[in-house]
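> Numbering (our numbering), first residue to last: 3 to 187. Shown below is the structure under consideration.
Shown next as structure tokens:
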């Protein structure tokens with residue numbers, strides 16, 4: 003899917019002033035760029051020694067600091083984790099915030115680069131980075147969902163296998179949310 007095909011299908015949202023839903027608000031950046039006639043999406047693998055979600059696939063992002071907006075946190079964390087300065091990112095909009103099973107409320111933001119990124123990974127937090135074709139992430143053929151039963155509730159888990167990676171949890175749920183928004187009539 004090219005940028006020209008994709009942008010008109012993404013309905014931008016104004017981010018409302020977020021009410022504090024938990025003590026652990028976070029923001030992530032879904033960073034896109036055109037490459038070989040399609041859009042690519044940046045994903046990272048978290049370092050293995052991290053306390054939360056070690057070794058999992060994620061978007062650049064992290065906690066929203068006191069007095070900071072969600073978009074500012076997503077931009078700051080993107081620069082800290084992968085070395086892309088905020089001035090290089092055109093913010094396109096946001097997806098609805100989502101709660102995770104670990105108590106975070108995550109605000110996903112979409113950003114656009116004009117060219118493939120030159121990454122500088124902060125190895126204390128990020129073990130690796132790779133690109134995922136947006137068309138793959140949006141395809142119903144590859145995105146999987148399973149219901150998981152826990153005492154007193156059921157939860158839908160999202161999965162996206164890609165090459166030798168398994169994207170799951172909040173990252174896969176955000177990709178599912180993006181696909182639902184883009185594919186909506």
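A virtual CB, placed ideally from N, CA and C, is assigned to each residue, including glycine.
So the candidates are 27, 109 and 60; which of them puts its Cα closest to the Cα of residue 127?
Within the chain shown, the letter at position 125 stands for residue 127. Of the candidates 27, 109 and 60, the one whose C-alpha sits nearest the C-alpha of residue 127 is 60.
> Short of 6 Å in beta carbon distance, which residues of its chain neighbour residue 130, apart from the five on each side in sequence? Order them along the chain.
Taking the first residue of the chain shown as position 1, residue 130 is located at position 128. Excluding positions up to five away in sequence, the list reads 47.
> Taking just the CA atoms, how far does residue 39 sit from residue 72?
Stepping through the chain shown from its first residue, residue 72 is reached at position 70. Stepping through the chain shown from its first residue, residue 39 is reached at position 37. C-alpha separation (whole angstroms): 31 Å.
> Check whether the Cβ atoms of residue 31 and residue 113 sit closer than 8 Å, and answer yes or no.
Translated into positions along the chain shown, residue 31 becomes position 29. Translated into positions along the chain shown, residue 113 becomes position 111. Yes; because the gap between Cβ atoms is below 8 Å, this pair is in contact.
> What are the partner residues of residue 28, as DSSP defines its beta bridges?
Counting from one through the chain shown, the residue named residue 28 turns up at place 26. DSSP, once it has assigned bridges, lists 65 and 108 as partnering residue 28.
> Note down the Cα distance separating residue 83 from residue 164, rounded to an integer number of angstroms.
Within the chain shown, the letter at position 81 stands for residue 83. Within the chain shown, the letter at position 162 stands for residue 164. Taking the straight line joining both Cα atoms gives about 22 Å.
> Between which two residues does the beta strand (DSSP E) harbouring residue 40 extend?
In the chain shown, the residue the question calls residue 40 occupies position 38. Unbroken beta strand (DSSP E) run through residue 40: 40–48.
> State the Cα-Cα distance for the pair residue 23 and residue 37, rounded to the nearest angstrom.
As a first step, residue 23 must be located in the chain shown, where it is residue number 21. As a first step, residue 37 must be located in the chain shown, where it is residue number 35. Legend: pLDDT at residue 23 = 45, less than 50; position of this residue unreliable, no value from coordinates given.
> State the beta-bridge partners of residue 169 as determined by DSSP.
Here residue 169 corresponds to residue number 167 of the chain shown, with the count starting at 1. Paired residue(s): 162.
> Specify, as a first and last residue, the run of the alpha helix (DSSP H) that residue 77 falls within.
To locate residue 77, count along the chain shown from 1; it is residue 75. Looking at the DSSP string, the run of the alpha helix (DSSP H) that includes residue 77 is 72–84.
> For the beta strand (DSSP E) holding residue 129, just list the boundary residues, first then last.
Along the chain shown, read from residue 1 onward, the residue named residue 129 stands at position 127. Per DSSP, residue 129 belongs to the beta strand (DSSP E) from 128–135.
> Give the secondary structure of residue 120 by DSSP, where H, G and I count as helix, E and B as strand, and everything else as coil.
By 1-based counting over the chain shown, the position of residue 120 is 118. The answer is coil: DSSP assigns residue 120 none of H, G, I, E or B.
> Below 8 Å on the Cβ atoms is my guess for residue 43 versus residue 134; work out the distance and round it to an integer in Å.
As a working note, residue 43 is residue 41 in the chain shown. As a working note, residue 134 is residue 132 in the chain shown. 5 Å between Cβ atoms; contact.
> Suppose you measure from the CA of residue 136 to the CA of residue 178; what does that come to, to the nearest Å?
In the chain shown, residue 136 corresponds to position 134, counting from 1. In the chain shown, residue 178 corresponds to position 176, counting from 1. Straight-line Cα distance between these residues: approximately 12 Å.
> Apply the 10 Å Cβ neighbour rule to residue 168 and answer buried if 16 or more other Cβ atoms are within range, or exposed otherwise.
If you number the chain shown from 1, residue 168 lands on position 166. It counts as exposed.
> Can you tell me where the beta strand (DSSP E) with residue 90 in it begins and where it stops?
The residue labelled residue 90 in the question sits at position 88 within the chain shown. Where residue 90 is concerned, there is no enclosing beta strand (DSSP E), given that its DSSP letter is neither H nor E.
> Using 10 angstroms around the beta-carbon of residue 122, count the other beta-carbons present and answer buried if the total reaches 16, otherwise exposed.
Stepping through the chain shown from its first residue, residue 122 is reached at position 120. Per the 10 Å Cβ criterion, exposed.
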